[in-house]
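Below is one structure; the comments refer to it alone.
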Ligand code: GLU
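In the numbering used here, the protein residues as written are 268 to 847.
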């Protein structure tokens with residue numbers, strides 16, 4: 268114990284003091300001139316050790332991510348280990364899904380199933396003999412013993428203690444069996460479990476919480492008559508290890524230096540440290556990351572969104588970097604100017620500044636990050652953008668009939684349209700479905716326009732006849748030939764026209780007409796729906812459809828425009844809405 272404390276103290280001080288202070292500035296991110304908070308000076312070997320009893324969810328993704336980032340940030344290795352000791356609770360197919368989901372997030376493991384490595388196999392069910400031999404070593408060294416008590420006896424013991432209001436535990440009946448008798452009974456095939464002789468659990472230095480542990484004695488009750496001990500089972504009667512034994516043996520043999528895991532495992536860590544001590548092994552450093560809670564402070568559960576991450580991918584169309592970015596901010600703090608990071612950027616800036624308090628999951632942040640990453644993807648192109656286009660195109664195919672799409676596409680490809688739309692309006696990208704609904708005007712020739720209402724803030728008369736100015740611009744825009752049908756050309760035309768029309772007008776009048784003009788064009792082209800800018804809208808719609816919409820809109824307002832309550836125009840009744 269003293270030895271362990273000394274070790275922890277020494278390592279802890281070294282990490283703080285020797286932390287590398289010169290960090291190159293990756294991708295324009297702020298380089299830290301301060302020590303890398305809590306980062307080890309040596310490359311870290313970390314692992315993600317899921318059990319295939321469930322799928323990857325937000326909490327386990329965050330655990331995997333922090334381990335991955337710690338390894339990458341320090342130039343170490345990230346391992347994947349499948350902890351499938353609880354065969355009864357294993358879900359068929361869960362292991363494959365874990366691989367698929369982790370790969371989708373980009374957290375590629377350096378060692379583990381499918382990729383191998385020097386300390387494999389990386390699936391615990393293939394390492395049983397190793398655990399058995401280590402359990403035997405502990406029996407030999409006196410740190411563990413065989414327990415032949417039947418389940419019935421243990422149940423009865425606990426029932427009695429429960430009725431007497433005493434703490435539950437084991438009474439160490441089998442501890443006094445001699446080594447010879449124990450070996451003989453085992454050799455004869457009598458069923459037994461192996462228990463750790465746990466008299467005292469050590470405190471440990473947690474990377475996040477500092478010195479922790481209960482320092483409680485394994486002896487829960489000191490009076491002889493009621494002696495009861497924790498003495499946890501290491502090896503079950505079927506010869507399989509419990510989580511505690513397998514986890515410690517593997518972390519040691521796989522040379523894991525840092526274990527980052529959820530606080531739900533914190534209560535087990537003193538036992539793990541006791542096991543390391545019993546084996547005379549150096550424990551890794553432990554860092555427990557805070558619980559994820561909802562806005563009401565409730566632990567995330569399946570009901571309140573601690574859901575399988577494939578749902579974020581398949582139902583919501585979340586971009587992997589957006590989800591990773593979201594998970595990274597759950598309990599980790601940084602000093603960068605913005606919260607938006609790709610996985611690659613996180614690899615360069617991660618540190619162990621992890622909060623102790625519960626991390627509140629606020630999904631608005633996920634949508635903010637989704638929009639930010641959609642804009643990045645659209646600006647940069649590449650595989651991430653292609654996959655966004657592909658996913659959104661699939662949703663569009665389900666949303667509109669082929670016939671309807673053909674009418675608007677006029678021979679163009681749907682993914683081309685979706686890609687253009689994403690480039691023009693990525694700032695509003697939440698889910699593919701919401702994005703397409705917002706931009707539905709691009710997928711149908713059948714647009715609905717409410718009656719035209721001039722902007723209410725237009726307070727001054729800009730021309731004697733504002734609608735006629737709008738009509739003139741609209742008509743002029745339809746004269747642009749196909750060869751010049753670009754957003755830049757349209758932008759320049761609109762600006763030139765506005766400048767010419769308002770040459771002798773005040774700044775205020777110019778502003779008012781500009782506003783009215785964009786308002787009119789948006790109404791004409793998309794029924795007023797928000798979306799990409801007007802020049803981009805014209806390009807995405809294509810010349811033929813734009814000309815058709817502008818012409819129809821002029822027709823719709825021609826006969827009745829005098830009725831509109833425009834500045835400088837006599838007030839009258841509302842114009843009629845037209846369906847085009
Ligand atoms: N198999 C455990 C789990 O499912 C691993 C806990 C740990 O990281 O030690 O979360």
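For each residue, glycine too, the CB sits at the ideal point set by N, CA and C.
Start-to-end residues for the alpha helix (DSSP H) that takes in residue i
i	result
residue 516	510 to 520
residue 678	Element bounds for residue 678: n/a, residue is neither H nor E.
residue 326	325 to 340
residue 700	699 to 705
residue 644	630 to 647
residue 594	587 to 595
residue 412	Per DSSP, residue 412 belongs to no alpha helix (DSSP H); it is in the beta strand (DSSP E), 411 to 414.
residue 610	610 to 616
residue 397	395 to 408
residue 428	418 to 430
residue 370	361 to 372
Run of the beta strand (DSSP E) containing residue i, from where it starts to where it stops
i	result
residue 502	500 to 502
residue 478	477 to 479
residue 553	552 to 556
residue 525	525 to 529
residue 313	312 to 315
residue 347	344 to 347
residue 658	No beta strand (DSSP E) contains residue 658, which is instead part of the alpha helix (DSSP H) from 650 to 666.
residue 460	460 to 463
Through-space distance from residue j to residue i, alpha-carbon basis
i	j	result
residue 747	residue 717	27 Å
residue 562	residue 625	11 Å
residue 302	residue 325	For residue 302, the predicted structure reports a pLDDT of 40, less than 50, and the residue's modelled location is therefore unreliable. A value from the coordinates is still provided. Going by the C-alpha atoms only, they are around 30 Å apart.
residue 798	residue 690	11 Å
residue 780	residue 612	45 Å
residue 401	residue 430	37 Å
residue 420	residue 496	15 Å
residue 652	residue 641	8 Å
residue 761	residue 814	15 Å
residue 890	residue 514	Outside the displayed span of the chain (268 to 847) sits residue 890, for which this structure offers no information.
residue 835	residue 739	With a pLDDT of 38 at residue 835, under the threshold of 50, the modelled position of that residue is not reliable, and the figure given next carries that caveat. Going by the C-alpha atoms only, they are around 18 Å apart.
residue 411	residue 405	5 Å
residue 670	residue 338	52 Å
residue 504	residue 643	55 Å
residue 567	residue 704	30 Å
residue 734	residue 323	58 Å
residue 681	residue 663	8 Å
residue 386	residue 479	30 Å
Near the ligand GLU: residue i beta-carbon under 7 Å from a heavy atom
i	result
residue 338	no
residue 785	no
residue 378	no
residue 793	no
residue 695	no
residue 419	no
residue 528	yes
residue 392	no
residue 548	no
residue 514	yes
residue 317	yes
residue 362	no
residue 752	no
residue 510	yes
residue 532	yes
residue 350	yes
Residues that DSSP places opposite residue i in a beta bridge
i	result
residue 265	The question about residue 265 has no answer, for the chain in this structure spans 268 to 847.
residue 574	Answer is none; residue 574 lacks a bridge partner.
residue 548	Paired residues: none, contrary to the question.
residue 566	560
residue 472	478
residue 626	559
residue 383	379
residue 390	349
heavy atom of the ligand SAH below 7 Å from residue i C-beta
i	result
residue 318	Looking at this structure, you won't find the ligand SAH anywhere; what it does contain is the ligand GLU.
Count the CB pairs spanning the stretch 609 to 618 and the stretch 343 to 363 that are closer than 8 Å, and state whether there are at least three.
Cβ pair count under 8 Å is below three, so no.
Pairing CB atoms from the stretch 520 to 528 with CB atoms from the stretch 309 to 326, are three or more of them under 8 Å?
Result yes; three or more Cβ-Cβ pairs closer than 8 Å.
Quick check: the stretch 585 to 595 against the stretch 368 to 384, are at least 3 beta-carbon pairs closer than 8 Å?
Judged by Cβ distances under 8 Å, the stretch 368 to 384 makes contact with the stretch 585 to 595, as three or more pairs qualify.
Do three or more CB pairs link the stretch 502 to 513 to the stretch 390 to 405 at distances below 8 Å?
By the Cβ test, the stretch 502 to 513 is in contact with the stretch 390 to 405, since at least three Cβ pairs between them sit closer than 8 Å.
Determine contact between the stretch 652 to 670 and the stretch 696 to 707, defined as no fewer than three beta-carbon pairs at a distance below 8 Å.
In the pairwise beta carbon analysis, the stretch 652 to 670 is classified as touching the stretch 696 to 707: at least three pairs are separated by under 8 Å.
Is there contact between the stretch 766 to 777 and the stretch 785 to 793, where contact requires at least three CB pairs shorter than 8 Å?
Contact between the stretch 766 to 777 and the stretch 785 to 793 is absent, because fewer than three Cβ pairs lie under 8 Å.
Is the stretch 408 to 416 touching the stretch 457 to 476, taking contact as three or more C-beta pairs under 8 Å?
By the C-beta criterion, the stretch 408 to 416 is judged to be in contact with the stretch 457 to 476, since at least 3 inter-stretch pairs fall below 8 Å.
Would you check if the stretch 582 to 589 and the stretch 542 to 562 touch, i.e. whether three or more CB-CB distances between them fall below 8 Å?
Fewer than three pairs of CB atoms, one per stretch, sit closer than 8 Å, so the stretch 542 to 562 makes no contact with the stretch 582 to 589.
Stretch-stretch touch, CB-based, cutoff 8 Å, three pairs: the stretch 791 to 808 with the stretch 769 to 777:
In this structure the stretch 791 to 808 does not touch the stretch 769 to 777; the number of beta carbon pairs closer than 8 Å is below three.
Closer than 8 Å is the cut-off here; do at least three beta carbon pairs connect the stretch 461 to 478 with the stretch 535 to 549?
Counting Cβ pairs under 8 Å, three or more are found: they touch.
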